[in-house]
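Chemist: Residue numbers (my numbering): 11 to 189.
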Ligand code: 5GP
């Protein structure tokens, strides 16, 4: 059965493009962390699909955890205020943390999460984002994204974890939709 996107859309990334990129990122991370036991932290809910595929491409002893932050709700616009709705169950003190995010847009979410995690004294903190909407970055937000899958246009995207009103997360591809 094929998940359906039942509205006008433009295909941005196909399932096979994503698969190939996830494998590449996985082997890069495997090499970079070869002597480490990282904790992979996903930002709910959008990163779930990416994280699930990514960790199966990482050949290391690792653990996973999740944090939830306030999101767009049913809107297509980024909210300015970020809140932690659910925190991790594991201590990250002295751990090598790899934050996994579906997409970086204004950068506000990640900037907030990075600040929040840094004060918990991880040994290292790196970021892996599947998609980067570089042109949407809010001025003044400096974010170093250590692993980026694809740079994508400044459009509203759904699929592969990304939702519109909580739907379409299960699409195996990424597409742009309009209101
Ligand atoms: P930022 O804080 O960088 O503006 O936004 C990051 C979060 O906004 C992402 O984790 C994602 O949940 C959401 N987001 C940003 N752009 C899009 C998009 O094009 N489509 C969807 N569905 N969510 C997005």
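We treat Cβ as the ideally placed atom computed from N, Cα and C, and that holds for glycine.
Just verifying my parser: in three-state terms, what is the DSSP assignment at residue 151?
Modeler: Coil.
Chemist: State yes or no: is the C-beta of residue 168 nearer than 7 Å to some heavy atom of ligand 1?
Modeler: Yes, the Cβ of residue 168 comes within 7 Å of a heavy atom of ligand 1.
Chemist: What are the start and end residues of the alpha helix (DSSP H) that includes residue 183?
Modeler: Note, residue 183: premise wrong, no alpha helix (DSSP H); not H, not E.
Chemist: Check this for me: beta carbons of residue 13 and residue 181, under 8 Å apart or not?
Modeler: The answer is yes: Cβ separation under 8 Å.
Chemist: Span of the alpha helix (DSSP H) holding residue 35?
Modeler: Run containing residue 35: 25-42, per the alpha helix (DSSP H) assignment.
Chemist: In the structure shown, what three-state DSSP assignment does residue 143 receive?
Modeler: Note: residue 143 maps to coil in three-state DSSP.
Chemist: Report, in whole angstroms, the separation of the C-beta atoms of residue 49 and residue 100, which I expect to be a contact under 8 Å.
Modeler: Right, their Cβ atoms sit about 6 Å apart.
Chemist: Quick one: which unbroken alpha helix (DSSP H) runs of 4-plus residues sit fully inside the stretch 67-123? Chain order, please.
Modeler: Whole alpha helix (DSSP H) segments, 4+ residues: zero.
Chemist: Using the DSSP secondary-structure output, state which residues sit across from residue 160 in a beta bridge.
Modeler: Paired residue(s): 141.
Chemist: If you draw a straight line from the C-alpha of residue 170 to the C-alpha of residue 156, how long is it?
Modeler: Straight-line Cα distance between these residues: approximately 21 Å.
Chemist: Is DSSP giving residue 50 helix, strand or coil here?
Modeler: Residue state, collapsed to three classes: strand.
Chemist: Does any heavy atom of ligand 1 sit closer than 7 Å to the C-beta of residue 53?
Modeler: For ligand 1, at least one heavy atom lies less than 7 Å from the Cβ of residue 53.
Chemist: Would the beta-carbon of residue 51 fall within 8 Å of that of residue 75?
Modeler: Contact: yes.
Chemist: Are there three or more Cβ pairs, one per stretch, closer than 8 Å when the stretch 128-148 is compared with the stretch 100-112?
Modeler: These segments touch.
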